Ligand SMILES: NC(=O)c1ccc[n+]([C@@H]2O[C@H](COP(=O)([O-])OP(=O)(O)OC[C@H]3O[C@@H](n4cnc5c(N)ncnc54)[C@H](OP(=O)(O)O)[C@@H]3O)[C@@H](O)[C@H]2O)c1
């Protein structure tokens with residue numbers, strides 16, 4: 015495998031799960047990784063495993079101005095970030111008998127506006143350098159509305175839409191926008207799921223797919239393919255057929 019095309023990566027949501035596994039995967043390839051999330055102790059543990067290539071930059075993506083401040087600190091010490099992976103996210107199963115508006119607001123604040131804040135921090139520098147890659151971690155749950163997903167799914171649909179818009183907007187700027195749509199990955203986030211999760215993957219395997227996909231600079235990195243292609247196919251059916259399939263195969267789980 016040729017050396018990676020990045021010198022410095024910023025991973026937001028690196029303290030656990032997918033972001034953590036990608037941080038270690040990139041560090042193994044010799045990429046310097048600036049690791050962010052709220053839990054500083056978990057980031058220190060990650061850095062201890064990173065062979066001196068992972069540095070710790072804790073912040074909360076919902077705090078006003080924090081992404082810009084932290085990116086400034088990272089670039090002052092490590093130089094320009096040429097890959098950013100925006101993986102911070104929360105998942106709250108939707109319960110129709112207990113609809114909490116604050117849970118919707120929290121999901122939008124972390125999953126959607128958190129990514130927007132990081133993008134707003136990153137774009138001026140990347141556009142000025144005519145270089146860089148931003149990977150937005152959404153989900154196959156953003157393809158269409160599914161049971162239990164009413165709080166989370168719309169934030170991921172918004173991220174997919176945002177990535178599509180930005181991809182065209184950045185044409186010719188030298189800045190690549192990538193969309194990462196994982197299926198089910200065994201992390202803290204999916205621990206609370208009581209339903210069966212088809213094609214569940216381990217974080218290391220997910221990190222492998224993500225890094226390979228981002229190296230290719232293709233727009234969408236979606237995996238595992240058997241699952242994501244099935245989901246895309248489901249989305250092509252007219253609504254009566256779509257809802258019949260969802261009722262028969264998803265709602266009963
Ligand atoms: N696991 C799956 O099956 C799956 C499938 C599709 C998409 N995804 C997406 O993949 C991404 C990573 O999820 P995961 O499965 O790896 O879950 P995870 O292990 O819970 O990781 C989530 C990460 O987001 C960070 N985070 C949460 N709130 C934050 C905040 N306010 N500010 C900064 N960082 C924050 C967490 O760190 P702190 O708590 O330390 O802040 C953690 O590092 C998410 O965007 C998720 O929606 C996951």
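Numbering (our numbering), first residue to last: 15 to 267.
Here a beta-carbon is modelled for each residue, glycine too, at the ideal position from N, C-alpha and C.
Quick caveat: nothing in here was measured; it's all calculated off a predicted structure.
Cβ-heavy atom distance, residue i to ligand 1, below 7 Å
i           : result
residue 127 : no
residue 82  : no
residue 163 : no
residue 196 : yes
residue 230 : no
residue 150 : no
residue 189 : no
residue 75  : yes
residue 115 : no
residue 119 : no
residue 203 : yes
residue 103 : yes
residue 32  : yes
residue 53  : yes
Residue i to residue j span [Cα, whole Å]
i           : j           : result
residue 24  : residue 95  : 6 Å
residue 60  : residue 38  : 8 Å
residue 227 : residue 40  : 13 Å
residue 264 : residue 47  : 38 Å
residue 261 : residue 92  : 51 Å
residue 129 : residue 179 : 14 Å
residue 119 : residue 107 : 14 Å
residue 194 : residue 112 : 31 Å
residue 101 : residue 250 : 28 Å
residue 127 : residue 65  : 32 Å
residue 242 : residue 171 : 15 Å
residue 87  : residue 22  : 13 Å
residue 105 : residue 43  : 30 Å
residue 210 : residue 200 : 12 Å
Beta-carbon proximity check, residue i vs residue j, cutoff 8 Å
i           : j           : result
residue 35  : residue 196 : no
residue 191 : residue 259 : no
residue 75  : residue 124 : yes
residue 166 : residue 245 : no
residue 5   : residue 173 : Nothing about residue 5 can be read from this structure; the chain reaches only from 15 to 267.
residue 141 : residue 208 : no
residue 132 : residue 54  : no
residue 32  : residue 220 : yes
Problem - Whole runs of the beta strand (DSSP E) within the stretch 90-146, excluding any shorter than 3 residues - result: 97-100
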